[in-house]
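In this text, residue positions in the first sequence follow our numbering: the first is 623, and each later residue adds one.
Cβ coordinates follow ideal geometry from the N, Cα and C atoms, glycine included.
Below is one structure, written out as structure tokens, with a few remarks after it.
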Amino acid sequence: MADRRYEPSQIEPKWQAVWEHERTWEVSNDLDPDEVECSYVLEMLPYPSGEPHIGHLKNYALGDAIAHFHRRCGQRVLHPMGYDAFGLPAENHAIKTGIHPREATNRSIEAYRHWFHRWGISIDWSRELATDEPTYYRWTQWIFVELFKRGLAYRKEAAVKWCPNDQTVLANEQVIDGRCERCGHEVEIRQLEQWFFRITDYADRLLDGLDEIDWPDHVKAMQRNWIGRSEGAEVTFRCEELGVDYPVFTTRPDTLFGATFFVMAPEHPDVFKLAAGTEHEQHVHQYVNRALTESLEERGDAEKPKTGVPLGRTVTNPVNGEQIPMFVADYVLMEYGTGAIMAVPAHDQRDHDFARAFDLPIRQVIAPADGSDPPEDTAFIAHSADEVLVNSKQFSGLTSVEGREAIVAWLDREGLGHGSVSYKLRDWLISRQRYWGCPIPIIHCERCGMVPVPEDDLPVELPDIDDYQPRGRSPLATAEDWAQIRCPECGGRGRRETDTMDTFVDSSWYFMRYCDARNDEQAWDPRVLSMWMPVDQYIGGVEHAILHLMYSRFFVKALADMELLEFQEPFQALFTQGMILGPDGNKMSSSKGNVIAPSTIVERYGADAARTYILFLAPAEQDAAWSDSGVEGVHRFLARLWRLGERMGGEAAGADSPPDPDGDALILVRKANWAIEKVTADIGGRFAFNTAIAAIMELVNEIYRHPEADPAARRFATATAASLVFPFAPHLACEVYEALTGRRVWETSWPDADPEMLQTDTFELVCQVNGKVRDRVSAPSGASKDELEQLCRQTRGVQAHMDGHEVAKVVVVPDKLVNFVVR
RNA sequence: GCGGCGGUGGCGGAACGGCAGACGCGGUGGACUCAAAAUCCAUUGUCCGAGAGGACGUGAGGGUUCGAAUCCCUCCCGCCGCACCA
């Protein structure tokens, strides 16, 4: 009988239908956590736009492999799916076409859902959710209210990024090099009243929590960087003429004696007051006005020459009583520290540049450890442990570290300063003047102020409107009937908040809703939540390293403080996947014409080949370029396995490991056990899917190499290959495994390697002379050091290279090698 | 500037103190075929050599070690994040 060809388009839908019909991947919340081991495997939820792209395929192929592996290792696995459905692209589409964003979003969701089925991803569809559904955002609003009640959600006026072309505020992440990512227009800073979440209260806990979780170092580093904790001191400089104290933050209190001038940010509220009545008043006004209208791009350029204007006043350096001149300069930022700095030109590059430009004194107060002179043309900033203070009165001679402590202690005693910590992290601006987002559940009452919408009245549903065009305020403000409402407290006239929330708010808690997705009474049942959370393995792109991952961590910590949950970190382990680049090695983009559509690949080679290839291509955390011939190679491998199943299948002979194999059969049984061991370690231990797949390829190659081996051994080896390939190519694996064993591979547990079959009677002993391989010889496993040395000595290669030399030393590594060191 | 990651055949990569280049792609030769596709087998780091074999080889240089792609130091190159953050 001629073999049937490997036709993925026929076998894949067949198994997908079985899984859908039998709801194979659904998991119950009625589990006793003491009896079953639970595992929560989660990929970042997609933003539904158009159709899924190749990065989605990689993300979900990766997560699915882990989910399948956990299941077959005996765990109950929660592996849900949902959609981050609010967001700007759908709204822009609506502005252009007039089609409601909900409609476009739902179309995309359907496409995504279709492809997830077609890819054979093992999802518990009973928990599916979308963040734009009122049943979901009702609880997003509830969380907002809880945060508001505790002062963690607040409203204040702040300098925010504003695009004058699109008439809306932008998130920091939507500003690329000072320009709007959508229209390319230069972004302005505007003072506007906005909603914030008080994430800065959690800065230290967000920092400390990183030590408790199993995340990639670079992601932890990025978060630490973003939080930007600096230890130092706050030091008070007094302006005697005005009688005002100006505190500054410094990380180098040991350089206080080198402070020769004082600089304020142009935005500092006291600048005009200070300059008033001095000869510089006019000049200061001009300078400040210019600085405030400068673009972010110009302002942020560290290379441009330092500019500034004297304020015509002095402050007192608290350590030595010196009067030092005050300046206003745009290199000092209002948003960091106190908006004013003490300038130490000898030991800070920026202060040094400014001092040179304005011919100000530069006084060295730190000397290099080796007594050499620091460079004159640049600031001496490097600080090793044993640098010492000079020109610093009673502190001279102390090391830099000692000096810091001693000076801070002195300031503290004199009431002139104290140790202090500063952060780069800012509070999270969450309000948007946009339509397609979750309404902020607040009512502004003329009498009561800001009143949260009562829990029973949630959700505040997003009303339908006609015109989505932003005009400097939320399009929701035009929905007058909706916006006008009675105050829930006094019954008087009130008006709804018309801003919506940043979509990152929606995605900061979705992983908890999955646990109890159909709960109408509460956001989650704490008992159910504690069964699944925290997520055991989270998988997604590194582009979310800061924002989404930081916000979610903040949410969990804040909710834990309200005793609404019992854990401190949402994602115990994180895996960040690399990007799939176009065949030309560049990032895929339609303008470059190098986009590989998953639909094309899946239609041509099948979902199994597409999924397996993506994981085989390179280590999953790494970026890698797509290759058409590469996916063909993986398709060939799957077809080779398929043909083995075709030839051996059918006869109800089973596929157990044959007893006492020998000859070729023994080779195959050993190779199969080697592969079990290797694949288990590679998937379970280190996410090395590429080498796991390579090991299965080796096993299949070995079966082809021994066509005359005992059929029982060949069946066992083939069934093992099918079993091991299941997490990557589930449909083919089911087909081959069923043909050989009559069983469903997902219902069988992950194979264990037989320790006896992992051992061999002999091994290839490597014979080295002076560390160079000179021969190899077969040696019995477990042989003694003496035996191995003798065996090795007798080989031709070793004798040829030892001839006439004296053996100085012999190194024997049992079961591996012998090295003769000769002179 | 600060922080992180990386540099191995023609290509993606493997090995992460013990045989460098597993596996795949690509190349070459062969089998099957009227032919092609598909499939199967062999071969494939560089140089020298007819061959046996030898020399060289993991960005550069140094060190530790019996032994280094792997550990340590110095440097070069590339990528990513943050950045006038005091």
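Helix, strand or coil at residue i [DSSP, three-state]
i: Leu828; result: helix
i: His1040; result: strand
i: Trp784; result: strand
i: Glu1324; result: helix
i: Ile1064; result: strand
i: Thr1363; result: helix
i: Asn651; result: coil
i: Val906; result: helix
i: Ser671; result: coil
i: Gln1244; result: coil
i: Asn942; result: coil
i: Met623; result: Bear in mind that a pLDDT of 38 at Met623, under 50, signals an unreliable position, so the number given afterwards is only what the model happens to contain. It is coil, neither helix nor strand.
i: Asp836; result: strand
i: Pro1148; result: helix
i: Leu1199; result: In the sequence on display, residue 1199 carries Gln and not Leu. Strand at Gln1199.
i: Met1155; result: coil
i: Pro1082; result: Checking the sequence, you will find Val at residue 1082 rather than Pro. Of the three classes helix, strand and coil, the one that applies to Val1082 here is coil, per DSSP.
i: Ala887; result: coil
i: Ser661; result: strand
Beta-carbon proximity check, residue i vs residue j, cutoff 8 Å
i: Thr929; j: Ala951; result: yes
i: Cys1389; j: Val1432; result: no
i: Val1444; j: Val1391; result: yes
i: Arg1054; j: Thr1122; result: yes
i: Ala1310; j: Pro1241; result: yes
i: Ala1401; j: Leu1380; result: no
i: Gly696; j: Glu659; result: yes
i: Val1030; j: Ala855; result: yes
i: Met1210; j: Ile1223; result: no
i: Arg590; j: Val649; result: Residue 590 is absent from the model: the chain starts at 623 and stops at 1445.
i: Phe949; j: Val885; result: yes
i: Thr873; j: Ser852; result: yes
i: Ala1297; j: Leu1321; result: yes
i: Thr882; j: Pro967; result: yes
i: Val684; j: Gln1199; result: The sequence shown places Leu at residue 684, not Val. Yes, they are a contact pair.
Residue i beta carbon near the ligand SAM (any heavy atom closer than 7 Å)
i: Gln697; result: Looking for the ligand SAM in the displayed structure turns up nothing, as the structure carries no ligands at all.
Rounded C-alpha distance that separates residue i from residue j
i: Arg1396; j: Lys1407; result: 19 Å
i: Lys636; j: Ala1294; result: 28 Å
i: His890; j: Phe818; result: 22 Å
i: Glu1357; j: Leu1047; result: 53 Å
i: Trp1058; j: Glu755; result: 12 Å
i: Phe1189; j: Ser1152; result: 8 Å
i: Tyr662; j: Arg912; result: 54 Å
i: Ala778; j: Ala687; result: With the sequence shown as reference, residue 778 is identified as Lys, and Ala is not the correct amino acid for it. If I take the Cα positions, the gap works out to 46 Å.
i: Ile941; j: Arg1035; result: In the sequence under discussion, the amino acid at residue 941 is Val, which differs from the Ile named in the question. Taking the straight line joining both Cα atoms gives about 12 Å.
i: Gly742; j: Ile811; result: 48 Å
i: Glu1102; j: Ile821; result: 33 Å
i: Arg1265; j: Pro1333; result: 15 Å
i: Leu1020; j: Asn1312; result: 56 Å
i: Gly1276; j: Ser1249; result: 38 Å
DSSP bridge partner residues for residue i (one or two, in chain order)
i: Glu1143; result: In DSSP, Glu1143 forms no bridge with anything.
i: Trp1050; result: Phe819
i: Ser1441; result: According to the sequence displayed, residue 1441 carries Asn and not Ser. Asn1441 is bridged to Gln1390, Val1433.
i: Gln1381; result: Paired residues: none, contrary to the question.
i: Lys778; result: Gln816
Terminal residues of the alpha helix (DSSP H) in which residue i lies
i: Asp839; result: 839–849
i: Ile731; result: 723–740
i: Pro1074; result: Where Pro1074 is concerned, there is no enclosing alpha helix (DSSP H), although the beta strand (DSSP E) it sits in stretches over 1071–1074.
i: Phe879; result: Run containing Phe879: none; DSSP gives neither H nor E here.
i: Leu1181; result: 1169–1183
i: Met1210; result: Per DSSP, Met1210 belongs to no alpha helix (DSSP H) and is neither H nor E.
i: Val1253; result: 1250–1270
Range covered by the beta strand (DSSP E) that runs through residue i
i: Gly1162; result: 1159–1163
i: Tyr868; result: 866–872
i: Ala968; result: Looking at the DSSP string, Ala968 is not in any beta strand (DSSP E), and its letter there is neither H nor E.
i: Gln1106; result: 1106–1108
i: Ala1219; result: Neither: Ala1219 is in no beta strand (DSSP E) and is coded neither H nor E.
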